[in-house]
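Notes follow once the structure below has been shown.
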DNA sequence: CACTAATCCTGGACGC
DNA sequence: TGCGTCCAGGATTAGT
């Protein structure tokens, strides 16, 4: 399941292939994703140049517009917003494109004969549009990036005061901090020795220091390793990432804790599975 | 405002 | 073998 590291991996995989290229066409075969792909999107992006490829939270952002090499000026028309959902991936195809299969919902065809093909069996992904200068309800209310300096123990401590909800639910709230999905939430709470059920407002600043460091470390490590592979994530070049084998608690219910041998517990929080060690995490 | 539950979707695992 | 049932999950939306 694509979490932040997988999106970062995808960004790194596709950016060199599409940067500065002109979009020949957007070919939409299945518009019904998380939200419908806007009907006018194909027309909006046609013949526009890819100015930049960015990531915000788990959104992949492709800035497009016009670029003049003579005056070295760029004019941003807008941004294609892509979310991989739970089972989505983008694949880089060079040259001749094979016929689309069942869950391959759209292609972005570029002038250098590269095609970006979006696949998403569960269709929780999205492809949206933000016109330059306009508000985006997807991007405008997000919390800070977990890998940015402003995400630290002071930030989490202040934001969490008087919060009664569980710390695990708290760090998965995109308004608090983006990109910490279910897997990495369990992993970073284990690494920092915090019980996922503890109320966010009752966690000490010292513990939040451990937690912010753990979140940064686990995400950075996963990015370095090319993203976690669980079930159906495939990187942009079709190769899987290698982080799954390093998970310490996620998916290990009943197995013994790597540090104290106590069986790992699985519980449900906010309709999501949480894995933790009842002895190591207080 | 804080928090919870429902919702979208389909492949895979499991029980009978 | 095949059918039904349940589960996984991100992030928004509606409801309390």
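In my numbering, the protein residues as written are 3 to 284. Just so it is clear, CB atoms sit at the ideal spot from N, CA and C, and this is done for glycine as well.
Taking the alpha-carbon of residue 153 as reference, which of 272, 180, 163, 87 has the nearest alpha-carbon?
Counting from one through the first chain, the residue named residue 153 turns up at place 151. Closest by alpha carbon: 180.
Three-state class that DSSP yields for residue 79 in the structure shown
Taking the first residue of the first chain as position 1, residue 79 is located at position 77. The answer is strand: DSSP assigns residue 79 an E or B state.
Residue 251 beta carbon less than 7 angstroms from that of residue 188:
What you label residue 188 is simply residue 186 of the first chain in a count that begins at 1. What you label residue 251 is simply residue 249 of the first chain in a count that begins at 1. Yes, the pair counts as a contact, with Cβ atoms nearer than the cut-off.
Best match in 169, 158, 256, 34 for proximity to residue 284 [C-alpha to C-alpha]:
Within the first chain, numbered from 1, the residue matching residue 284 stands at position 282. That would be 169, whose Cα lies nearest to the Cα of residue 284.
Just to check my reading of the structure: residue 218 and residue 148 have Cβ atoms closer than 8 angstroms, yes? What is that Cβ distance to the nearest angstrom?
Reading the first chain from its first residue, position 216 is the one you call residue 218. Reading the first chain from its first residue, position 146 is the one you call residue 148. The Cβ separation is near 6 angstroms, so the contact holds.
Residues that DSSP places opposite residue 169 in a beta bridge
Taking the first residue of the first chain as position 1, residue 169 is located at position 167. Partner(s): none; residue 169 has no beta bridge.
For residue 34, write down the residues that DSSP places opposite it in a beta bridge.
Here residue 34 refers to the residue found at position 32 when the first chain is read from its first residue. DSSP output for residue 34 lists 38 as bridge partner(s).
Please return the same chain residues whose Cβ sits closer than 8 angstroms to the Cβ of residue 174, not counting the five positions on each side in sequence.
Here the question's residue 174 lines up with position 172 in the first chain. Contacts found: 182, 183, 184, 187, 272, 274.
Taking residue 213 as part of the alpha helix (DSSP H), name the residues at either end of that continuous run.
In the first chain, the residue the question calls residue 213 occupies position 211. Element bounds for residue 213: 207-226.
DSSP has residue 269 in a bridge; who is on the other side?
For this step, residue 269 is matched to residue 267 along the first chain. Residue 269 pairs with 276.
Once DSSP output is grouped into helix, strand and coil, what is the label at residue 55?
Here residue 55 corresponds to residue number 53 of the first chain, with the count starting at 1. It is a strand residue.
Supposed close pair residue 35, residue 93 - CB separation, criterion 8 angstroms
On the first chain, position 33 is the one that residue 35 refers to. On the first chain, position 91 is the one that residue 93 refers to. Actually they do not touch by this definition, with Cβ atoms about 17 angstroms apart.
Cut-off 8 angstroms between Cβ atoms - residues of its own chain near residue 262, not counting five sequence neighbours on either side:
Along the first chain, read from residue 1 onward, the residue named residue 262 stands at position 260. Cβ neighbours of residue 262 beyond the five flanking positions: 279, 281, 282.
What's the call for residue 8, buried or exposed, on a 16-neighbour Cβ count within 10 Å?
Here the question's residue 8 lines up with position 6 in the first chain. With 16 or more Cβ atoms within 10 Å of its Cβ, residue 8 is classed as buried.
Which class does residue 11 belong to by DSSP, given the choice of helix, strand or coil?
As a working mapping, residue 11 is identified with position 9 in the first chain. Here residue 11 sits in helix by DSSP.
Delimiting residues of the alpha helix (DSSP H) encompassing residue 160:
Mapped onto the first chain, residue 160 falls at position 158. Looking at the DSSP string, the run of the alpha helix (DSSP H) that includes residue 160 is 155-162.
Where does residue 11 land, buried or exposed, given buried means 16+ other C-beta within 10 angstroms?
As a first step, residue 11 must be located in the first chain, where it is residue number 9. Buried, by the Cβ-count rule.
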